[in-house]
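Enquirer: Input: one structure, supplied below.
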Amino acid sequence: MHRARISISILLAPLLYVVGVLANQGSAADVSALNQKVGRANNESLLWGPYKPNLYFGVRPRLPNSLSAGLMWSKVEDYNSVQRNLRHTCEQNEGMAGYGWDEYDIRKGGRETIHDAGNTLDLTIDFVKVPGGQHGGNWAARIKGVPREEGSDEQITTVVFYATLEGLGNIGVATDSDGRGFEGDVKFTGNTLDLGDFSLDVTAGPETNEHPFYDHPSYEDKPLDRSIVSIILFSQLKSQVEGYVEKYGQTNPPPPAQVFTIKNEPGDGNVHLVEKVFKGPFEFDILFSSGSSPAPMTSETLTKEIESASLSFNQRFDQILSPKTPFDSPKYSEFSKAMFSNLVGGIGFFHGTDVVDRSAAPEYEEENEGFWEETAEAKARAQPVLEGPKDLFTCVPSRTFFPRGFLWDEGFHLIPIVEWDMDLALEIVKSWLNLMDEDGWIAREQILGAEARSKVPPEFMVQYPHYANPPTLFIILEAFIDKLKDQQPRSEEMVERIRSAHLDNPELADAYLRSIYPLLKRHYFWYRKTQKGNVKGYDRQVFSTKEGYRWRGRSVQHILTSGLDDYPRAQPPHPDELHVDLISWMGMMTRSLRRIAEVLSETEDVEEFKSYEVAIGHNIDDLHWDDPAQTYCDATIDEYEEDIHVCHKGYISIFPFLTGMVGPESPRLKPILDLINDPEELWSDYGVRSLSKKDEFYGTDENYWRSPVWVNINHLVLKNLYNIATTAGPHQEQAQDMYSRLRRNLVENVFREWKRTGFAWEQYNPETGQGQRTQHFTGWTSLVVKMMSMPDLPAGKKTAHDEL
């Protein structure tokens, strides 16, 4: 009879997936009840998922101190291969030919493929969720492995599936072992307060699974066709290797696959491992059943749900995000689906403490010349504290290098998600806002818990309550307002959908905005207070003496808080310099708040924000427009105590355009378009460069934001070109041409590099188009999904405005 080895008990937690039909609403009580119902349905349909994106496959619920599970594997060809090639956490340059989600819907499941060149193995992992019961229903995963072409059909692979349990609860082995392993399936049962009773079955898999057999004395002690359950992986292996050496001697050791199979020692504990050893292709299932679900999860159900999830995903994607001309072909559709699936498959739930410097040292005001030296000294003597624990539900920029939350990345991440699942986007926005402290500060980098801190260098660990970051979440809130404005009236027959409940129900939209509005205002006024600049001094001639801004956290070479780390700025830094990108963000933020206040009929706030918006618009020109250079520039103070501009043409100098502060009729628009369009300045065949080729700092030092093409900023360029191209005005035709060419250049290059390397990248070389820096950067680089789904506007094509 077929046997498979299991090593320590694995617990997968129950998944919650509830799809509810919402009731009509009228009174305040009805709205409250509906809001609660939608909240429950959202929470339950999103409870379980691969929310440990730092792992190749890691499952957990959106619950602190609960159950989590993961997968490890390695080819076993010699005595060094396991430690050398054991896969677990996603790592840069680890011998992968590519990996990620080909299809993934966070509410239903999907398929991840892993092309492990180093282990000559291709893995396919199907993950699905099935609703039902009071604890979110069931979930399951099917693990398939196939040796790669360069491998061997008889290669030996060890696969370890594990589960851990934090907090109160229990996990136990429900099946019996004969002392050497488990024959057939292995069942675990458990219970926690949040998850209730549950069971987890790890199947033996089909009869086609093969297991190694060796003609060696040790084989009688530990056959390799069983499941083995144990508690600690490498400590077990170490003691086992020592025992083999003592028993058989160094000249006659057991085969490697035998040595690296853990002892069968099931028992109580909060960490359980299940190890299986296969020869050639293999397959097995992980089946999680909630005790309150109508029926247990089975392999037969899993097969049906895999097909259903794939069909549902593809139909929905083709309706909502299908690539448009010239990308309406199967190869771009496959690419777009993979990029989007990796974005959503990179959503994680994080829980834990973070490290914060609450010293409020006076040097942090950065008021003196040489302030960067004073702040460095203050940081050195500060004693940061652990705060929290806190929770965050967020996308991550990269599963390999940045598996945590970043404030300014998140607004870009959510742009495609808004189209797919508005309720999900709003859930994530609210999760971020709930991190806000009483002053209105949100840490720009969320490093929650010891696991997250293990991936972060010490110099980036501490968060400072006077440091800001671009407020990109307001981009999503503006998109929400736009969709509410454009939403068609509901028909009586419309079934309200969990993904768009806040669009289908104006009352829910109103309730959501009212719930976050105080937080948004607090956040906004924190920026106005902590990032204000000196406008009154140095004879600066301006419309308003209050609207000028400066990023805190500057060093000589960097302003990490701006997001554009090493982009050239004034040298040396000055405490009264002003930054054009920050005032542009403040203009966008103000406009967003004004529009939200209008929706909520907060008339006094509308007038207040409108006055700020007008003043900021004037001051962008008064403080930052440089007539001789015909561009926007940072402002600083020279050695003669005079206000001057520091002009480095690039992303910084087009920020008023990027944030929508420069419209179709602006006299500044033409020079901006010409700058972007000039191949000797910013234009390249692969996207818009971060810095002009003519700048003295182009491509120098770290060259992080000093030449490469970044997809997030290019998306802002493309979006605003589209707005100009579809609005009657003097520069409409130029914008149409630039929009069409830029869209093609960006998408084709990211696609080409994805096909060539197997990955999306953090940035792209402006001279060659090659992907650079962080591998598997499926955060804001996934904006190509949105770009492909945007309308095509070939040069010279008439728009609706032209026809009128």
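Numbering (the numbering used here), first residue to last: 1060 to 1863.
We put the CB at the ideal spot given by N, CA and C, even for glycine.
1) Could you tell me the distance, in whole angstroms, from the CA atom of E1792 to the CA atom of L1370?
2) If you drop the 5 nearest sequence neighbours on each side, which residues of the same chain put their C-beta closer than 8 angstroms to that of N1427?
3) Per DSSP, W1864 is paired with what?
4) Return the CA-CA distance between P1627 and I1406, expressed in angstroms with no decimal places.
5) Going straight from the alpha carbon of W1839 to that of F1471, what length do you get?
6) Quick check on S1513: does DSSP put it in helix, strand or coil?
7) Answer with buried or exposed for F1408, where buried requires no fewer than 16 other C-beta atoms within 10 angstroms of its C-beta.
8) Compare the beta carbon distance of S1490 and T1453 with 8 angstroms and say whether it is the shorter of the two.
9) Verify whether the separation of the beta carbon atoms of D1382 and S1395 is less than 8 angstroms.
10) Take A1397 as the anchor and find which of G1159, I1474 and D1468 has the nearest alpha-carbon.
11) Exposed or buried, what is D1185 when buried is set at 16 or more other beta-carbons lying within 10 Å of its beta-carbon?
12) Looking only at its own chain, which residues have a Cβ that is under 6 angstroms from the Cβ of M1849, when we skip the five neighbours before and after it?
13) With DSSP as the reference, please indicate the residues paired to K1203 in a beta bridge.
14) Looking only at C-alpha atoms, which of Y1597, V1721, T1759 and P1524 sits nearest to Y1691?
15) Three or more C-beta pairs under 8 angstroms: does that hold for the stretch 1346-1362 against the stretch 1141-1161?
16) Which same chain residues, not among the five before or five after H1638, have their C-beta less than 6 angstroms away from its C-beta?
17) If we ignore side chains and look at the alpha-carbon of each, how far apart do V1090 and A1100 end up?
18) Work out the CA separation of A1484 and E1667 for me, nearest whole Å.
19) Can you name, in chain order, every residue of its own chain whose Cβ lies under 7 angstroms from the Cβ of V1515, other than the five neighbours on each side?
20) Can you look up Y1671 in the DSSP assignment and give me helix, strand or coil?
21) For the candidate residues E1208, I1731, G1191 and Y1671, whose alpha-carbon lies nearest to that of A1688?
22) In angstroms with no decimal places, state the Cα-to-Cα distance between V1658 and K1669.
23) Looking at the structure shown, is E1425 part of a helix, part of a strand, or coil, going by DSSP?
24) Within 10 angstroms of the Cβ of Q1151, are there 16 or more other Cβ atoms? Answer buried if so, exposed if not.
25) Which word fits V1843, buried or exposed, when buried means at least 16 other C-beta atoms lie within 10 angstroms of its C-beta?
26) What number of angstroms, rounded off, separates the C-alpha of N1144 from the C-alpha of T1217?
27) Whose CA, out of S1211, G1129, P1109 and Q1193, lies closest to the CA of I1165?
28) Determine the closest residue to P1524 out of L1180, P1726 and K1438, with distance taken between C-alpha atoms.
29) Would F1343 be called buried (16 or more neighbouring beta carbons within 10 Å of its own) or exposed?
30) If I measure Cβ to Cβ from D1482 and keep anything under 8 angstroms in the same chain, skipping five residues before and after, which residues do I get?
31) For W1742 and G1622, which I take to be in contact (beta-carbon distance under 8 angstroms), what is that distance rounded to the nearest angstrom?
32) Which one or two residues does DSSP pair with C1454 in a beta bridge?
33) From this set, V1415, S1457 and K1542, which residue's C-alpha is nearest V1403's C-alpha?
34) Please list the terminal residues of the continuous alpha helix (DSSP H) segment that includes G1646.
35) For D1545, is the classification buried or exposed, using 16 other Cβ atoms within 10 angstroms of its Cβ as the cut-off for buried?
36) Cβ of F1247 within 8 angstroms of Cβ of G1231?
Expert: Taking the coordinates as given:
1) 41 angstroms
2) E1433 and P1634
3) Outside the modelled stretch of the chain, which goes from 1060 to 1863, sits residue 1864, for which no answer is possible.
4) Taking the straight line from one Cα to the other gives about 33 angstroms.
5) 6 angstroms
6) coil
7) Buried, because 16 or more other Cβ atoms sit within 10 Å of the Cβ of F1408.
8) yes
9) It should be pointed out that residue 1382 corresponds to Pro in this sequence rather than to Asp. Taking 8 angstroms as the Cβ cut-off, P1382 and S1395 qualify as a contacting pair.
10) G1159
11) buried
12) none
13) Per DSSP, T1183 and E1342.
14) V1721
15) no
16) When the five nearest sequence neighbours on each side are left out, the beta carbons in the same chain lying within less than 6 angstroms of the beta carbon of H1638 are those of R1609, W1610 and D1693, in order along the chain.
17) 15 angstroms
18) 28 angstroms
19) I1506
20) helix
21) I1731
22) So the alpha carbons of these two residues sit roughly 14 angstroms apart.
23) Coil at E1425, not helix or strand.
24) exposed
25) Classification of V1843: buried, given that the 10 Å Cβ count is 16 or more.
26) Those two C-alpha atoms are separated by around 11 angstroms.
27) P1109
28) The shortest C-alpha separation from P1524 is found at K1438.
29) buried
30) Spatial neighbours of D1482 in its own chain (CB-CB distance under 8 angstroms, excluding positions within 5 residues in sequence) are listed in chain order as V1097, N1101, I1557, R1558, S1559, A1560 and H1561.
31) Going by Cβ atoms, the distance from W1742 to G1622 rounds to 22 angstroms, so no, they are not a contact pair.
32) I1406
33) S1457
34) V1639 to V1658
35) exposed
36) yes
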